[in-house]
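Protein chains in written order, with full-length UniProt numbering: chain A, 1 to 447; chain B, 1 to 447. Heads up, the beta-carbon is just placed ideally off N, CA and C, and yes, glycines get one too. Okay, so here's the structure we're looking at.
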């Protein structure tokens, strides 16, 4: 078949919307931010749209301090395991991708919770592996200073390594359940992992059998040098942020090119940049929708958001003037990629502080696409067909209507063009993404 | 009204059954141990029976080593947060009580997950606060030695303390959601907690608003001196194990008597001993059912279970002979109460090792009640009406039929005798248990 490769789509739930002022939008159901029925309806909408997965970001603070600006933003974040598990009970096909940091968690707990979610959902779990970078987060975990960028990656690498050992600690056929012979499991197929590393010392085995997918799908986001190398070796999905086709193509080529040395084929990793779609019945209506969202940003909140992205306090600079001189990339500890992206954008387009916060407060550094459903589809198609993306993480400006509009108006166009599935191909997330079932490292050793 | 006090009932899900050999029982759905539909059906059965709550135990090991005996037992344990959250989406009234240890967890994560579960379930979460005592568990968390008993309680007390601070960090009316004025929350009603203690140093606030119940219901199980004092001060439900009416009455009186000095009324804490009901259409059928369960215990598994409860290797002693000399209570680190209970039982009834493992492998130290549905109801009524219990945590021998039998045959008798509710009284677990809504410590300070 000429065109049997289909794009992969994630429905990135940031509630009540990806735009920083989304919660003020009349259509955003801000009052439902803690209501299960609201999330259930959206999950079922995404499943009706045949999305590969729901994607949840995470963080361990209520905001960036007790400022007025902070109180103008959403300070509540639903916990990913709790939400995804509840949604597993009211959906059947869609994947459930949760962000969990390797910086302030224990591998045993993380391995176990994902294994449990993967079993209960019949193979629909995915783990977005991140590191935590904020000082504020450190102070919620009895730590004075957060780990330096390079140490965070060391720890992350060891963390993922030991989690996969724990998932493998039960071989695929270890559970026997022979009632007559009184054999619940085969003890020769359940293994201690006896991991002793720089960060962790973990005996195992896990107290739950191997996940339904072998491993839940591994998602990563980092785009720094260390992050790219880790992703090329271990990631199965990359969630990333690029503004231009050229940047995205360069990244795509770079990452896929690094995989061979780890014995992996380029198809074993799906690159899915985030996109922020602003849809209108006409191009003009889409522009109006965007302008209306921008008008909802309180000035203090916009400046505070930009300050936090750049790790520089901008509150004393004229909002309609240019950015002050910024620190060099080497001086930045954490979220280096976003820092560079925003700095480059300001320089490239010569933007004021206000213009810049308006630009980043929607897509937060991700690609913004505006227009009619046809135009939205065209922009996705362009990247998909030009080796810039294997799919996209869709970031609706506000919920639930931003998602509903995408499912109702954009998905059918992608399906008509044979760019997106009509039905789920497999029964697990791994199968729908076209990823292979991972070999168990303990089984492999004995072959 | 003469008899308006009703007993409280928990449905203790230990899957596929509370009896150590339950998984071999022909009626136990052992093959469904990872199947959400199986748990969903049982949760809905418990809710049909108007149980106050589903109760889940927990632990962080796959068993007690790589022995044959271990492979004869259930080595898989569903993770409480993941399971309870999934069940919250398919039930409406029943409480969701999960065990989470204070020894190997972080207060911020625990506070947040319970808050999220409490919100999504509309006020049905409960936290069974325990400490971890096993060496094996320590080795799954990069620790060489587990904490001594007294230190575990120190840490537990500080842990609960900081978790309640985090739950209170958003006052009840902190969330405003004023779209016009751009006020998501009132910054004067969201508080850092700035906790600095021996074990934890946590800034806060939490990144989710105060739980629907103020606090999820606090359950405790420890019956040691330190555990009793902590419970009298902070617990709202006690899950405990007693064999005789006299012991249970003494404990009931002891605990309730300790509450006044903390400014609490005896009604603010519900004492719910575990009971293991073996039901038959006749007394003889119940006895046969019990004998059949006992016949399913592999000798090695029985000895291993008893060894682990007593922390003494019994495998070299004749199984039909008496227990060897045991260490004194002071030498035992962890689960002291269960140790004493089993030792006392062996001495009181002069039991052999085999008889003893048969006795403890069902109820594991809890009260075993056998007989017709009428006789089961009588035994519950006796304790309930004689100040030995405010209710019971029901531990069916095997699932789902052990639970189904209780709901179908015992609950109607309790209802007929006006000992148990016909309908849920309130909309939250706290309301159904007759517990008051906790005052927010930050709000209280400003009055």
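Who pairs with residue 74 (chain A) in a beta bridge, going by DSSP? Residue 74 (chain A) is not bridged to any residue.
Below 9 Å between beta carbons is the criterion; list the residues of the stretch 81–102 of chain A that meet it against any residue of chain B, in chain order. Per Cβ criterion, the list reads 81, 82, 83, 84, 85, 86, 87, 88, 89, 90.
Hey, how far is the Cα of residue 147 (chain A) from the Cα of residue 159 (chain A)? Computed Cα separation, rounded: 14 Å.
If we define contact as Cβ-Cβ less than 8 Å, is residue 127 (chain B) a contact residue for chain A? no
Taking three-plus beta-carbon pairs below 8 Å as touching, is the stretch 422–431 of chain A in contact with the stretch 303–323 of chain A? no
Which residues of chain B have a Cβ atom closer than 7 Å to the Cβ of residue 119 (chain A), listed in chain order? 34
7 Å CB neighbourhood of residue 185 (chain B) in its chain, flanking five on each side removed: Answer for residue 185 (chain B): 174, 175, 176, listed in chain order.
Does the Cβ-Cβ distance between residue 296 (chain B) and residue 77 (chain B) come in under 8 Å? no
Same chain only: Cβ atoms within 6 Å of residue 58 (chain B), ignoring 5 sequence neighbours per side: 80, 99
Nonlocal neighbours in the same chain, by C-beta distance under 7 Å from residue 289 (chain A), ignoring five residues either side: So the qualifying residues of the chain are 278, 280.
Per the DSSP calculation, residue 217 (chain A) is bridged to which residue(s)? Under DSSP, residue 217 (chain A) forms a beta bridge with A:126.
Do you know how far the Cα of residue 75 (chain B) is from the Cα of residue 266 (chain A)? 38 Å
From residue 240 (chain A) to residue 274 (chain A), what distance separates their C-alpha atoms? 6 Å
Among the residues of its own chain, which have a CB less than 7 Å from the CB of residue 419 (chain A), if the five just before and after it don't count? These residues qualify, in order along the chain: 6, 7, 381, 384.
Determine, for residue 307 (chain A), whether the minimum Cβ-Cβ distance to residues of chain B falls below 8 Å. no
Which chain B residues are close to residue 531 (chain A), counting only those with a beta carbon under 8 Å from its beta carbon? Outside the shown range of chain A (1 to 447) lies residue 531 (chain A), about which nothing can therefore be said.
Which term fits residue 2 (chain B), buried or exposed, when burial requires 16 or more other beta carbons within 10 angstroms of its beta carbon? The predicted position of residue 2 (chain B) is uncertain, since its pLDDT is 41 and thus under 50; a value taken from the coordinates is nonetheless stated next. With a 10 Å radius around the Cβ and a threshold of 16 neighbouring Cβ atoms, residue 2 (chain B) comes out exposed.
Quick one: what's got a C-beta closer than 7 Å to residue 110 (chain B)'s C-beta in the same chain, skipping five residues either side? 100, 163
Bounding residues of the beta strand (DSSP E) (the contiguous stretch that carries residue 101 (chain B)): 95–101
According to DSSP, is residue 6 (chain B) part of a helix, a strand, or is it coil? Residue state, collapsed to three classes: coil.
How would you call residue 4 (chain A), buried or exposed, if buried means at least 16 neighbouring beta carbons within 10 angstroms? exposed
Measuring CB to CB, does residue 126 (chain A) end up less than 8 Å from residue 90 (chain A)? no
Would you decide whether residue 256 (chain A) is buried or exposed? Buried here means 16 or more other CB atoms lie within 10 Å of its CB. buried
Residue 46 (chain B) touches chain A at which residues, Cβ-Cβ below 7 Å? Under the 7 Å cutoff, chain A gives no residues; its nearest Cβ is about 16 Å from residue 46 (chain B).
Counting Cβ pairs closer than 8 Å, one from the stretch 394–414 of chain A and one from the stretch 228–248 of chain A, do we hit at least three? no
For a cutoff of 8 Å on Cβ pairs, would you count residue 408 (chain B) as touching chain A? no
Taking a contact to mean a Cβ-Cβ separation below 8 Å, would you say residue 87 (chain B) touches residue 40 (chain B) in this structure? It is a contact, given that the beta carbons lie within the stated cut-off.
State the beta-bridge partners of residue 352 (chain A) as determined by DSSP. Under DSSP, residue 352 (chain A) shares a beta bridge with A:322.
Can you tell me whether residue 166 (chain A) is buried or exposed? The criterion is at least 16 other CB atoms within 10 Å of its CB, across all chains shown. buried
What distance in whole Å lies between the Cβ atoms of residue 391 (chain A) and residue 272 (chain A), which are believed to be in contact at a cut-off of 8 Å? 4 Å
Reduced DSSP secondary structure (H/G/I, E/B, other) of residue 208 (chain A): coil
Report yes or no: is there a C-beta of chain B within less than 8 Å of the C-beta of residue 259 (chain A)? no
Does residue 145 (chain A) pass the burial test, meaning 16 or more other C-beta atoms within 10 Å, or should it be called exposed? exposed
C-alpha gap between residue 36 (chain B) and residue 307 (chain A), whole angstroms: 45 Å
Check whether the stretch 356–369 of chain B and the stretch 336–347 of chain B are in contact - that is, three or more C-beta pairs closer than 8 Å. yes
Since residue 398 (chain A) and residue 16 (chain A) are thought to touch, with beta carbons under 8 Å apart, how far apart are those beta carbons, to the nearest angstrom? The C-beta separation of residue 398 (chain A) from residue 16 (chain A) comes to about 6 Å, placing the pair in contact by the 8 Å criterion.
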